[in-house]
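Below is one structure, written out as structure tokens; comments come after it.
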Amino acid sequence: MRKPFIAGNWKMNLTDEEALKFVDQVVERVPSIESVDYAVCGQAVSLKDMKERAVGTNLQIGAQNVHEEEKGAFTGEISASALTSVGVKLAIIGHSERREYYNDTDERINLKVKTALNHGITPILCVGEQLEEREAGRAESVVRKQLEDALDGIEAGRAADIVIAYEPVWAIGTGKSSSPEDAGAMCGTIRRFLFDTYGPETAESIRIQYGGSVKPENIRSYMAEEDIDGALVGGASLDVDSYLSLIEETAK
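Residue numbers (my numbering): 137 to 388.
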């Protein structure tokens, strides 16, 4: 039985003061839920303090990106060792916004996943199709190709440490969402790819999240799908009440 995992992606939102207030409120108010893993991925400037505020709690703190190189002249980027030095061991990799705006190609994403794993950082690997690709009947082939490239050269033992987030690009921040049935079907496609690539044991152990306009009001309908193990949440994770409701609804 895979443990559900709710992860908030704050993107370029919340100042340091706001981020720390959020963490303090979650730590103070979150009920004693052990059946769900939960995390928030904040801006880099806040990660160290967020992590310190969350020490000793079940709240995980993650980054929104990690560079593929160990170190070097890469202005504005974040190394894996810099993240682990402040205790951060979770990072989103390959989000559609990184792919679109910052040249995160499938090749770079593969290198980032490998670097994260080498440093004991759990990657949340994002995959998902554009609207025109879905309308052309290519959604499954697009997602399978993204997975094939991102996981190239990663053996089963290490792949088991990866979380995969299926986020149809047309449903991110638009208010539109894939139906639970369609999202579940794509996550089933992802599971079958993992089965074909790594075998049943690894395929059954990897958690697959859905992301795209997820809210407390619809999270349970997604979680009812066999191959959906949680959610990568944007806007609904920026409000403490909403974020806590996501965890509580998932635990039901």
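Using N, Cα and C, we set each Cβ at its ideal position, and we do this for glycine too.
Being a predicted model, the structure only gives us computed values, none of them experimental.
What distance in whole Å lies between the Cβ atoms of residue j and residue i, which are believed to be in contact at a cut-off of 8 Å?
i: Ile-229; j: Lys-248; result: 5 Å
Here's the rule: buried if 16 or more other CB atoms are within 10 angstroms of the residue's CB, otherwise exposed. What is residue i?
i: Ala-272; result: exposed
i: Tyr-334; result: buried
i: Asn-254; result: exposed
i: Gly-293; result: exposed
i: Arg-138; result: exposed
i: Asn-239; result: exposed
i: Met-148; result: exposed
i: Ser-277; result: exposed
i: Val-191; result: exposed
Can you list, in chain order, the residues of its chain with a C-beta nearer than 7 Å to that of residue i? Leave out the 5 residues immediately preceding and following it.
i: Thr-193; result: Val-163
i: Tyr-358; result: Pro-316, Ala-319, Tyr-346, Val-350, Ile-364, Ala-367
i: Ala-339; result: Arg-327, Leu-330, Phe-331
i: Val-202; result: Ile-214, Ala-216, Leu-219, Ala-227, Ile-229, Lys-248, Thr-251, Ala-252, Ile-257
For residue i, name the three-state secondary structure that DSSP assigns.
i: Gln-282; result: helix
i: Asn-201; result: coil
i: Ile-245; result: helix
i: Gly-144; result: strand
i: Thr-363; result: The residue you asked about is not Thr; residue 363 is Asp in the sequence shown. It is coil, neither helix nor strand.
i: Leu-261; result: strand
i: Ile-344; result: strand
i: Ile-300; result: strand
i: Val-369; result: strand
i: Gly-289; result: coil
i: Ile-355; result: helix
i: Ser-378; result: helix
Does the ligand SAH have a heavy atom nearer than 8 Å to the CB of residue i?
i: Gly-348; result: With respect to the ligand SAH, the structure shown offers nothing to examine, as it has no ligands at all.
Residues in the same chain with beta-carbon distance under 6 Å from residue i, minus the five sequence neighbours each way, listed in chain order, please.
i: Gln-345; result: Ala-301, Gly-366, Ala-367, Leu-368
i: His-231; result: Cys-262
i: Ser-111; result: Outside the displayed range of the chain (137 to 388) lies residue 111, so it cannot be described from this structure.
Below 8 Å CB to CB, which residues in the same chain sit around residue i once its five sequence neighbours on both sides are set aside?
i: Gly-289; result: Asn-246, Lys-250
i: Asp-160; result: Arg-189
i: Ala-275; result: Glu-265, Glu-269, Pro-304, Met-322
Worksheet item: Which ranges would you report for the beta strand (DSSP E) in the segment 153-229 if only whole runs of at least 3 residues count?
Response: 173-177, 195-198, 226-229
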